[in-house]
Amino acid sequence: MKINTKYHGEMEIEDKAIIQFKEGIPSFEDEKQFVIIPLDEDSPFLILQSLTTPSLGFVIISPFDYFTDYTVDLSESTIQKLKIKSEDQVAIYTILTVQEPFENTTTNLSGPIVINVKDQLGKQIILNNEKYTTKHHIIKTPTAISKEGK
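Going by this note's numbering, the sequence shown opens with residue 129, and the numbers climb by one from there.
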């Protein structure tokens with residue numbers, strides 16, 4: 129299937145790569161189908177690209193690559209909605225807010241994207257953990273560290 133994307137123009141994807149977000153994503157409830165595309169071949173950044181709105185592509189990361197103590201506890205409701213049977217079916221991503229200069233870029237640790245990679249079902253959840261906010265710097269500079277109160 130051919131799709132138009134925000135960062136890569138027109139490209140071909142396989143139907144099995146489509147992730148269903150039955151409830152959409154908060155503020156984008158009508159967006160139900162996405163695909164994950166690497167930003168560049170050697171980049172840790174990925175794009176969560178909408179299939180219906182070419183201009184809607186979220187830059188995402190695996191938060192565990194940047195925050196080794198990050199934890200996500202899934203509610204029973206989320207486990208059921210995403211039909212999760214085992215931990216190896218789960219991928220967790222967080223959405224970046226890309227800033228200039230890039231060292232000011234942050235990620236939303238309080239609202240991770242949870243994907244059942246076996247059944248291609250996704251959902252953005254909100255964590256009830258005061259430790260996480262919507263703005264955690266991914267590049268640790270002295271200024272970023274002081275802004276996060278560390």
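Glycine included, C-beta positions come from ideal geometry on N, C-alpha and C.
Just so we're clear, the structure is a prediction, and the values are computed from it rather than from any experiment.
With contacts defined as CB atoms closer than 8 Å, L184 and F156 qualify as a contacting pair. K251 counts as buried, since no fewer than 16 other beta carbons sit within 10 angstroms of its beta carbon. Partner residues in a beta bridge of T180, as assigned by DSSP, do not exist.
By the CB criterion at 8 Å, N256 and L210 fall outside the cutoff. Take the alpha-carbon of I266 and the one of V187: they are about 13 Å apart.
Rounded to whole angstroms, the Cβ separation of S190 and Y221 is 6 Å, and the two are in contact under 8 Å. Sequence-distant Cβ neighbours of I175 in its own chain, meaning closer than 8 Å and more than five residues away, are T133, K134, Y135, H136, I164, I165, P166, L167, G185, F186, V187 and I188. Residue environment: T199 is assigned as exposed (fewer than 16 neighbouring CB atoms within 10 Å of its CB, all protein chains considered).
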